[in-house]
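Here's the structure we're looking at; comments come further down.
Residue numbers (the numbering used here): 128 to 564.
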């Protein structure tokens, strides 16, 4: 096919002009489309990363709000007149009933009234027991309430209750030692003189705690505008393993799985990358979680299923491609029409020239163009008219010349006839004998 078009391209001005017009146009359109798709893909990815960052920031804010709400619960209990009366009366049974009622209602792992040395007060235990030491308790003794994340070892959990060890166990995690992420809250309790003599020490176990994670999930994604099928989720990661999840349809399905975002990009201490969760591609953002000492103890993750966003991107890219194709076809149509309007008079001139060379008397005729091509066509017709007039003049001159030549030829023939007659008479005269006088 190319071999058949190449001679036509070399010998036909129309194809050369079309190539000069269409090839740069198609190249420019293709380059523009490629750059636009590249920019659009990068912009979409950047927008998606920004969305993940916003959701992660919302999740961290929701977690801080949960801290404050829990701290407010302890503050209200510590400052309530009824509880203050129970402490003043040192009614251990009533105090324990109050603590157990709040613990069970709010899902605390433990809730104690402790002394300045961290010893449990008003509890019926075989031997004196103390809470896990924490900077929070030291601050509480100075009158400052506090809440922070802490990592509890298996011994720390067993110190509170053997049941907590099983509640904190994560399927698939290291079975050598059980570690748990705990939301620790300490509220000072002051006497009538304003001196801190006791504290409320509480802990909220986050391992396998779907209620807390679903609260975070609802606060982050409850009013979020996301495409159908995004299936957002929120997880807590401890020692590289998910210990709690929240999200529609996930429940405990991801607990115990390793968190491995592929191609993660670290920005502002955040990790953003892709990972596969139960065969589904997810885009995830990880934010570090710190304890009261500022040490990183885990990660808070928000994730969105990638497929709906890719589908939206492909739809937008398809619409953009269709728009570019329509623009290219329209521009090509205008280019072809423009080349046609330019080349038609030239082709007409070539056709008239060929017809004139063959002996025909043809003209381009009037054109509704006032540019150089129209002027050239008019000058070409004018030149042909002048050439035809000269040809007619030459033909008339040739005809007159032929008449003169014919007349001269007839006159010469007549004179030749007379000459032959004279010569013949002379010969006869010479042949006649001369007689003597």
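Where is the CB? At the ideal position from N, CA and C, for every residue including glycine.
The secondary-structure analysis by DSSP pairs residue 240 across a beta bridge with 248, 327.
If you draw a straight line from the Cα of residue 325 to the Cα of residue 418, it comes to about 23 Å. For residue 228, the enclosing alpha helix (DSSP H) stretches over residues 219 to 233. CA-to-CA, the gap between residue 532 and residue 540 works out to about 12 Å. Counting every other CB atom within 10 Å of its CB across the protein chains shown gives residue 485 a total below 16, marking it as exposed.
With respect to residue 312, residue 164 sits apart: the two C-beta atoms are not nearer than 9 Å. The criterion of a C-beta distance shorter than 9 Å is not satisfied by residue 278 and residue 335. Cβ neighbours of residue 304 within its own chain (closer than 8 Å, five residues either side excluded): 280, 281. Listed in chain order, the alpha helix (DSSP H) elements of length 4 or more contained wholly in the segment 399 to 474 amount to none.
Residue 422 and residue 275 have their C-alpha atoms spaced approximately 11 Å apart. In this structure residue 297 is not in contact with residue 284, their Cβ atoms being roughly 13 Å apart against a cut-off of 8 Å. When the five nearest sequence neighbours on each side are left out, the beta carbons in the same chain lying within less than 7 Å of the beta carbon of residue 356 are those of 432, 434, 435, in order along the chain. Around the CB of residue 479, 16 or more other CB atoms lie within 10 Å, so the residue is classed as buried.
Rounded to whole angstroms, the gap between the alpha carbons of residue 317 and residue 269 is 10 Å. Under DSSP, no beta-bridge partner is assigned to residue 510. Taking 9 Å as the cut-off, the Cβ atoms of residue 203 and residue 272 do not count as close. Exclusion of the five residues before and after residue 186 leaves 343, 347, 361, 427, 429 as the residues of its chain whose Cβ lies within less than 7 Å of its Cβ. Residue environment analysis places residue 424 among the buried positions, since at least 16 neighbouring C-beta atoms fall within 10 angstroms of its C-beta. Bounds of the alpha helix (DSSP H) holding residue 281 are 281 to 287.
DSSP places residue 313 inside the beta strand (DSSP E), whose first and last residues are 307 to 317. By the Cβ-count criterion, residue 207 is exposed, with fewer than 16 other Cβ atoms from all chains shown falling within 10 Å of its own Cβ. Of the other Cβ atoms in all chains shown, 16 or more fall within 10 Å of the Cβ of residue 374; this residue is therefore buried. Linking residue 483 to residue 467 through their CA atoms gives a straight-line distance of about 23 Å. Looking at the DSSP output, residue 362 bridges to 372, 428. CA-CA distance, residue 558 to residue 542, rounds to 24 Å. Nearest in C-alpha terms to residue 410, of all of 350, 174, 154, is 174. For a cut-off of 8 Å, the C-beta gap from residue 156 to residue 451 is around 6 Å, short enough to register as a contact.
For residue 297, no alpha helix (DSSP H) encloses it, and the DSSP letter there is neither H nor E.
Taking the C-beta atoms as reference points, residue 236 is found nearer than 9 Å to residue 331. Residue state for residue 161 is assigned as helix, using DSSP reduced to three classes. As computed with DSSP, residue 277 is found in a beta bridge with 309. Residue 304: not part of any alpha helix (DSSP H); DSSP gives it neither H nor E. The alpha carbon of residue 420 has as its nearest neighbour, out of 212, 454, 260, the alpha carbon of 260. Going by DSSP, residue 338 is part of the alpha helix (DSSP H) stretching over 337 to 348. Per the C-alpha coordinates, the member of 149, 179, 445 positioned closest to residue 352 is 179. The Cβ neighbour count for residue 314, taken over all protein chains shown within 10 Å, is at least 16; the residue is labelled buried.
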